[in-house]
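In the UniProt record's numbering, the protein residues as written are 1 to 74. Glycine included, C-beta positions come from ideal geometry on N, C-alpha and C. Right, one structure below, let's go through it.
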Amino acid sequence: MEHLDHMVAGKVRRAMSDAGLGLGDLAARSGLPASDLRSLLAAHGSFTVDELVRIAAAVDCRILDLLPDEGDAG
């Protein structure tokens, strides 16, 4: 599960970067506490579906874009 947490965190970081958002921006747009996001982005725990839905809306992407795909399994 830890490997999955790292992959999802990486996808979220890339989506944030693509959207030009920093941690504080993402927290404000998603309504998630910055401290929680910081921990999740460091892969200290797993994102919930609700958190990913809120993040996807904040960065204007699909939730599937935040999940690993077959090419990431490698």
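- A Cβ-Cβ contact shorter than 7 Å links A43 with H6.
- Taking G20 as reference, the option from R54, S30, V59 with the minimal CA-CA separation is V59.
- Taking the Cα of A9 as reference, the smallest distance to any Cα among L37, R54, C61 is reached at L37.
- Of the candidates M16, L32, L4, H3, M16 places its Cα closest to the Cα of R62.
- DSSP, reduced to helix, strand and coil, places S46 outside both helices and strands of the structure shown, so it counts as coil.
- Relative to the Cα of H3, the nearest Cα in the group R29, L64, G45 belongs to G45.
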